[in-house]
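The working numbering numbers the first residue of the sequence shown as 27 and each following residue consecutively. As structure tokens, the structure follows; a few thoughts come after it.
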Amino acid sequence: VEVERDPLPPTLVDRVEQVAGVAEARPAVKGSGLLEYDGRPIVPSGPSMLTSWAPAPFGAFSIRSGRPPQGTGEVVVDVATARDHGIEVGDTVTVRATRSAKLEVVGLAGFGDGDGLPNTTVALVDLAAAQSLLELGDGVSEIQVLTADETSASQVQGDLGAALGGDYEIASSQDIAGASASAAKTQLSYLRLMLFVLAGAALLIGGFLIANTFSVVISQRTRELAMLRAVGATGRQVVASVLGEAVVLGLVGSALGVGLGVVAAIGLRQVVGAFGIALPDAGLVVLPRTVVVAFVIGIVVTVLAAAGPSRRAARVAPVEAMRQSDAVSGVRRTRVIAGAVAAVVAVAALGAVLAELGPVLLIGVAGVFGVLALGLLGPVLAPLLTRTVGRPLDATGVPGALARQSTGRAPRRTAATVLALALSLALISFMAIVATSIKGAVSSSYREVVSADFVVESARGEMLGGLAPHTFHRVEGLDEVATASRMRYGHWKDGERTSALTAIDPATLPDVANLDMVAGSLSDLADGGIVLAEQEAVDRGLEVGDRVPMTFSRTGAQALELVGLVADEDAQALSTGYLISLETFRRHFTENVDATVFVKVADGVSAAAARAALDDALAGIPTAEVRDQAAAVEGRTAGVDQILGLVTVLLLFTVLIALLGITNTLALSIVERTREIGLLRAVGMTQRQLRAMVRAEAALIAGAAVVVGLALGAAFGAGAVSAFGRTSPVALSLPAGQLLLVVVAATVAGVAAGSLPARRAARLDVLEAISAE
């Protein structure tokens, strides 16, 4: 969380040095400083850091070329920024902080083993220059302490606390590193969760394909297994034999998977970075436990997937198996009953969420039982589905009709292959539906509430804003502007968590926004109170007139009076459910940056003229960007697009696994049907017709998967949107264009997956195929 603190007095350095155990104390200054080179601003997607230079062991930066800065006219730039923008030692750059200055580059520095910080520019100056640029006078941001030899850091930390009192925060380097690691872990927690979910999906899909493969292979080895039974092997020994093969395959597959996983992890940084998500710049770490867990999961999944086929193999009577090499077992009644029960539970759980009769967690219950139901009922539903989906293939003649018959003859095989691809498509369509619905809700609420003609915001995605205060004053002073109203964000301690609030000007906001006040008045904020979103007040059991306990980093524990309630959708448009005045913000926060400046154009001024005036006024502020309402909405939904794009790219890996499953299944099917294919060729089927038949089978499988996947994705997407709608207004929105693209892409990819088996089938020698057993 970005928090700016009051500067420390310079006399504090002497007090710190007098504490026992302190070997050296060094003041440091840190802030924001935008770099300009050759007349062009360097605007990273992350922060523009300005910090005072400190040698080791105080500083983490080390000089790679040149020398450290000395005096107020020199600066050191990080190597990564210098390399990307062609900056060399001896060049002149402009540093824009609270005030601006042109400085000579006297050195280039690296951060630890790296060339810089991700998505960040770094300007290192001496202490006096940093104080001058940030207008701190003789104040400092922090005091870095080096303890004496053989002195406990925790003991010195305690002594410093006793000597300085409770007005200052004292943290060890381990505490700071731990807090930074915890913050990074929290920020990337959603990415970890996303990767775990995708890994689970990939394992589930892989499990279906493994089970499918074992089913086909065991079917082909029925006579072999029957001979084993005939010479005395028990059913248990047959099961053990098959599971032993599964263990070996699991070991080999896990080894390959770990290797590919390491390669994928290296590429993941580039994939994630392409979507604007910065990962910590660290080397690849492969822990022993990661390898162990991967092998355990790989072996367990393979063995579980092979368990069903092994039991079916053990149940086949020896005499029956010798008589028939490709016996197809029916679907047991207990399986159908269990599948029907699972389906009822899934539908009931999802229906309860849609009707708001049950908790949101029921979506997970519905998902688990839904997949279980499809797995159990798949052999029953797959033939019906493929026959229905494949009706248009009858128009293609004999190859299409034979393809329909073939997919219906092996219901287990077809069901497993369809379900593997369907789950991937369901996840993609689910994400598309949820993302589109959320974007629609954000866009709708923003357009309904914000009536400003233009919005001035930072071109970067700073958490607290990033607009310098003079941005507002330049806009406010234009003749073309009738009203300019600024907004700020801040963080406060809400029990054990950190929450955000929005600071507004109650006098000017009504001119640029239409807020529906459920109770109280926005003008009452001027007296130092707080306005809450209606649902927030309900959740906390608060009414107008009550006190809201809040803790601020600057002023500590406070209790602000609740002076009004605003409609939830209107609070959503302003990003938080907590509104205070700018004056109250100044009392409790040190931050002096705006997040947004809403602009209402003066009467008689055209939008083009106002836009030109705003652009001219803000030309010297490179991070300030003028946006119309459409661009402002796009900026607020960009994060949703970012996550959707990343998830879709990662889900494509599961789609690839499923498509490989289609190829694998059809290839094994060709081996299983060698004699049949030979007879078809013998009675006149051409190679072209045979290839068309196999491709038609692949198209049928892909088409059935599309139907099942879109149905699942739409159902669970509707459930998720309904759950979101309980806390904020979100309407279900179906992205027809994206879903159509999924349909076309999946069908084309499915047909492509059948191309290799089709070519193999067409190349079979007719006489050898007919004579095959």
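By construction, the Cβ of each residue, glycine as well, lies at the ideal position given by its N, Cα and C atoms. Computed from a predicted model, the values in this text were never measured in an experiment.
Residue i to residue j span [Cα, whole Å]
i, j, result
"Pro95", "Pro36", "21 angstroms"
"Thr674", "Val697", "35 angstroms"
"Ile459", "Leu766", "12 angstroms"
"Ala724", "Val317", "35 angstroms"
"Ala54", "Ala378", "58 angstroms"
"Arg417", "Gly434", "13 angstroms"
"Pro783", "Val720", "7 angstroms"
"Arg717", "Val274", "34 angstroms"
"Ala375", "Ala639", "57 angstroms"
"Val768", "Glu617", "46 angstroms"
"Leu706", "Val732", "30 angstroms"
"Leu402", "Asn690", "22 angstroms"
"Asp352", "Ala779", "Low per-residue confidence applies at Asp352: pLDDT is 45, beneath 50, and the placement is therefore not dependable, though the value from the model is reported in the following sentence. Taking the straight line joining both Cα atoms gives about 25 angstroms."
"Val747", "Gly763", "19 angstroms"
"Gly92", "Val327", "57 angstroms"
"Leu282", "Ile669", "29 angstroms"
"Val468", "Thr712", "57 angstroms"
"Gln561", "Leu387", "20 angstroms"
"Ala149", "Val311", "30 angstroms"
"Ala154", "His517", "30 angstroms"
"Leu34", "Leu162", "10 angstroms"
Assigned secondary structure, residue i (DSSP; H/G/I helix, E/B strand, else coil)
i, result
"Thr260", "coil"
"Glu587", "strand"
"Ala80", "coil"
"Tyr194", "coil"
"Gln96", "coil"
"Pro648", "coil"
"Glu62", "strand"
"Pro35", "coil"
7 angstroms CB neighbourhood of residue i in its chain, flanking five on each side removed
i, result
"Phe137", "Ala86, Phe87, Asp104, Leu143"
"Gly47", "Thr173, Ala174, Thr177, Gln181, Val182, Asp185"
"Val800", "There is no way to answer for residue 800, as the model of the chain reaches only from 27 to 799."
"Gly324", "Gly276, Gly279, Ser280, Gly283"
Close beta carbons around residue i, own chain, < 8 angstroms, minus the five adjacent residues each side
i, result
"Pro850", "Any property of residue 850 remains undetermined from this structure, which presents the chain solely from 27 to 799."
"Val475", "Ala539, Asn540, Leu541, Glu595, Asp596, Ala599, Leu600"
"Gln200", "Ala179"
"Ala227", "Leu449, Ser450, Leu453, Leu677, Thr680"
"Ala237", "Ala331, Ala332, Gly334, Pro335, Ala442"
"Arg473", "Gln655, Val659"
"Ser607", "Ala529, Ile530, Asp531, Pro532, Leu551, Ala552, Gly554"
"Ile89", "Val102, Gly133, Leu134, Ala135"
"Leu644", "Val482, Thr497, Arg500, Val501, Ala650, Val652"
Beta-carbon contacts of residue i that lie in its chain and below 6 angstroms, excluding the five residues immediately before and after
i, result
"Gly426", "Leu419, Asp420, Ala722"
"Lys128", "Thr118, Thr120"
"Ala106", "Asp141, Gly142"
"Ala775", "Leu685"
"Leu447", "Ala684, Ala731"
"Leu758", "Ser463, Ala744, Val747"
Buried or exposed (CB count within 10 angstroms, at least 16 for buried), residue i
i, result
"Ala461", "buried"
"Gln44", "exposed"
"Arg315", "exposed"
"Gln263", "exposed"
"Arg122", "buried"
"His614", "buried"
"Val319", "exposed"
"Leu159", "buried"
"Pro575", "exposed"
"Asp18", "Since the first residue of the chain shown is 27 and the last is 799, residue 18 is not available in this structure."
"Gly735", "buried"
"Glu100", "buried"
"Pro83", "exposed"
"Phe624", "buried"
Supposed contact pair residue j and residue i - C-beta distance, whole angstroms, cut 8 angstroms
i, j, result
"Asp531", "Ser511", "5 angstroms"
"Val268", "Ile292", "Actually they are not in contact, since the Cβ atoms of Val268 and Ile292 sit about 36 angstroms apart, beyond 8 angstroms."
"Phe742", "Phe456", "5 angstroms"
"Asp550", "Gly590", "6 angstroms"
"Ala197", "Arg41", "Contact doesn't hold; Cβ gap of about 17 angstroms is too wide."
"Leu588", "Ala563", "7 angstroms"
"Val242", "Arg439", "6 angstroms"
"Asp620", "Thr497", "6 angstroms"
"Thr147", "Met75", "7 angstroms"
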